[in-house]
Amino acid sequence: MNTDLSMAASLDALSPQYDPWDPIRSLSAYGRHKLTSVEMSVTNLCNMRCEHCAVGDSLVFREPAKIPLELMLRRLDEVEHLETISITGGEPSYSEQTVREYIVPILQYARSRGIRSQLNSNVTLDYGRYALIAPYLDVMHISFNYTSADDFHQVGFAKSGHDIPRAAAVRMYERMMENARRLSEEGVLVSAESMINFRTHRKMKEIHRLIAEMGCVRHEVHPMYPSAFARDLPVISKAEMMAAVHDLLDARENSIWMLFGTLPFFRCSEDETERALIARLAAEPNVTVRNDPDGRNRLNVNMFTGEVFVTDFSEVPAFGNIHSERLDDVFGRWLSHPLFRSVDCHCAAAACCGPNLLVKDMYYRDVDFNSRQAIL
Ligand code: SF4
Numbered sequence: 001m002n003t004d005l006s007m008a009a010s011l012d013a014l015s016p017q018y019d020p021w022d023p024i025r026s027l028s029a030y031g032r033h034k035l036t037s038v039e040m041s042v043t044n045l046c047n048m049r050c051e052h053c054a055v056g057d058s059l060v061f062r063e064p065a066k067i068p069l070e071l072m073l074r075r076l077d078e079v080e081h082l083e084t085i086s087i088t089g090g091e092p093s094y095s096e097q098t099v100r101e102y103i104v105p106i107l108q109y110a111r112s113r114g115i116r117s118q119l120n121s122n123v124t125l126d127y128g129r130y131a132l133i134a135p136y137l138d139v140m141h142i143s144f145n146y147t148s149a150d151d152f153h154q155v156g157f158a159k160s161g162h163d164i165p166r167a168a169a170v171r172m173y174e175r176m177m178e179n180a181r182r183l184s185e186e187g188v189l190v191s192a193e194s195m196i197n198f199r200t201h202r203k204m205k206e207i208h209r210l211i212a213e214m215g216c217v218r219h220e221v222h223p224m225y226p227s228a229f230a231r232d233l234p235v236i237s238k239a240e241m242m243a244a245v246h247d248l249l250d251a252r253e254n255s256i257w258m259l260f261g262t263l264p265f266f267r268c269s270e271d272e273t274e275r276a277l278i279a280r281l282a283a284e285p286n287v288t289v290r291n292d293p294d295g296r297n298r299l300n301v302n303m304f305t306g307e308v309f310v311t312d313f314s315e316v317p318a319f320g321n322i323h324s325e326r327l328d329d330v331f332g333r334w335l336s337h338p339l340f341r342s343v344d345c346h347c348a349a350a351a352c353c354g355p356n357l358l359v360k361d362m363y364y365r366d367v368d369f370n371s372r373q374a375i376l
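If you read the sequence shown in the UniProt record's numbering, its first letter stands for residue 1, the second for the next number, and so on.
This is the structure in structure tokens:
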């Protein structure tokens, strides 16, 4: 039997009861935040130019050499409590060389150490790319914010700067759906992420239905916050966000794991409707609310410069570099940073460990979360 597959079989299945990306698990286990997750940005190339792309400003057409694989693997090996890795881009599979020389060896390392892995991809390229990766991968994470191929055409190329023929976009859309189905059949957990934003907030039910049709095991849902690339997009109100979540819960396919993240609602809110929503999410079967990993149990490494980022919140530039530091040491320094302290609350009874920095900045600038308490 293939040892990679036998190792996969011996690990606990990812499920609503077991989500090692959620920082609440390590916080409960160790009594303080620990670095258990490392994300690696392996490319700034992408075949799409999405309207909402979190890294849109950095997308390029050519890129320099990456840091040596051996350095990255050594830094991963030093992380004492490592449980998960994520690989992101751009489109990580854009270059087959990157797939063969970085992605596959990193995933093989993870599998050999019993670490769970995720790749963030648009899965619109030839299936052969993904077939190289699938045997070693736990979670294929895709973005899905569409109700049709025309939606995909409009949203997925909004920032391309020139017209993309509709027929080409339709082919990519169909390939994405077909690849997602094939990966699910291969046993990879395909998790589709949708953002609640001005375009999608009234269409979440329809988006969810297509995600179910693609065979995805999980539907991940986050509100969209105005990152640099999306700063000019309209913002929806918290009430509209709340309505979209309720609509989705009313209409969802119960067999699909719904994972919500970076919500701006907390059990310590004075607003009863916000507390009621969080209570509903906690009571629904097969629904989880993941605490934000960024800067709580996860660091991000830029694979071109070795720079380490703790969060995509713009006020925190690179916080270290793997050329000169161990990742556990960078993380340890971050835990005493005033910005981290400003969101470092924990209410065990609510399974909550505080807001995302962007959420705090947008909605709770003057709120001292350390003096708040869940109202149960
Ligand atoms: S952990 Fe923080 S954000 Fe969550 S309920 Fe408690 S005080 Fe509020």
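Idealized CB from N, CA, C, for every residue including glycine.
> Shortest alpha-carbon distance to L248 belongs to which of A212, Y225, R267 and S93?
Replying inline: A212
> DSSP three-state call for I375: helix, strand or coil?
Replying inline: coil
>> According to DSSP, is Q97 part of a helix, a strand, or is it coil?
In response: helix
> Under a Cβ-count criterion, where at least 16 other Cβ atoms within 10 Å of its own Cβ denotes burial, should H162 be classed as buried or exposed?
Replying inline: exposed
> Around the C-beta of R365, are 16 or more other C-beta atoms found within 10 angstroms, so that it is buried, or is it exposed?
Replying inline: exposed
> Taking 7 Å as the cut-off, does the CB of G354 come closer than this to any heavy atom belonging to the ligand SF4?
Replying inline: yes
> If you drop the 5 nearest sequence neighbours on each side, which residues of the same chain put their C-beta closer than 8 Å to that of L5?
Replying inline: Any reading at L5 must be qualified, since the residue scores a pLDDT of 47, below 50, and its modelled position is unreliable; the value itself is stated next. P135.
>> Alpha carbons only, please: which of V245, I278 and D312 is nearest the one belonging to R298?
In response: Selected option, being the one with the closest Cα: D312.
> How long is the line joining the alpha carbons of T200 and L45, rounded to whole angstroms?
Replying inline: 26 Å
> Considering only residues of the same chain and omitting the five flanking positions on each side of R75, which have a CB-CB separation below 6 Å?
Replying inline: I322 and L327
>> Using CA atoms only, rank isn't needed, just tell me which of L137, S93 and C353 is closest to R111.
In response: Looking only at L137, S93 and C353, the smallest Cα-Cα distance to R111 is reached by L137.
> Nearest to Y285 by alpha carbon, out of S255, P223 and F304?
Replying inline: Before going further, note that residue 285 is Pro rather than Tyr in the sequence given. The shortest C-alpha separation from P285 is found at S255.
> Less than 8 Å separating the beta-carbons of C345 and N370?
Replying inline: yes
> Do you know whose CA, among V79, E70, L14 and E185, lies nearest G332's CA?
Replying inline: When only C-alpha atoms are compared, the closest one is V79.
>> Going by DSSP, what residue range makes up the beta strand (DSSP E) through G261?
In response: W257 to G261
> In the DSSP assignment, what are the bridge partners of L119?
Replying inline: I87 and M140
>> Using only CA atoms, which one of L35, Q17 and I67 lies nearest to T305?
In response: Comparing Cα positions, the closest option is I67.
> Grouping DSSP H, G and I as helix and E and B as strand, with all else coil, what is S26?
Replying inline: If DSSP states are grouped into helix, strand and coil, S26 belongs with the helices.
> When every heavy atom of the ligand SF4 is checked, does at least one fall within less than 7 Å of the C-beta of H33?
Replying inline: no
>> For A374 and C347, I'd like the C-alpha separation in whole angstroms.
In response: Spanning the two alpha carbons is a distance of roughly 6 Å.
> For the segment 186-226, which segments carrying the alpha helix (DSSP H) assignment without a break, of at least 4 residues, lie completely within its bounds, in sequence order?
Replying inline: 204-213
> Quick one: Cα of M241 to Cα of M40, how far?
Replying inline: 30 Å
> Who pairs with L339 in a beta bridge, going by DSSP?
Replying inline: None; L339 has no bridge partner.
>> Can you tell me whether R296 is buried or exposed? The criterion is at least 16 other CB atoms within 10 Å of its CB, across all chains shown.
In response: buried
> D368 to R290, Cα distance in whole Å?
Replying inline: 22 Å
>> For a test of the three-state rule: what should DSSP assign to T3, helix, strand or coil?
In response: Its pLDDT being 46, under 50, T3 is placed unreliably in this model, and the value from its coordinates should be taken loosely. The answer is helix: DSSP assigns T3 an H, G or I state.
> If you check the beta carbons only, do V330 and V316 fall under 8 Å apart?
Replying inline: no
> CA-CA distance, residue 381 and L35?
Replying inline: Limits of the chain in this structure are 1 at one end and 376 at the other, which puts residue 381 out of reach.
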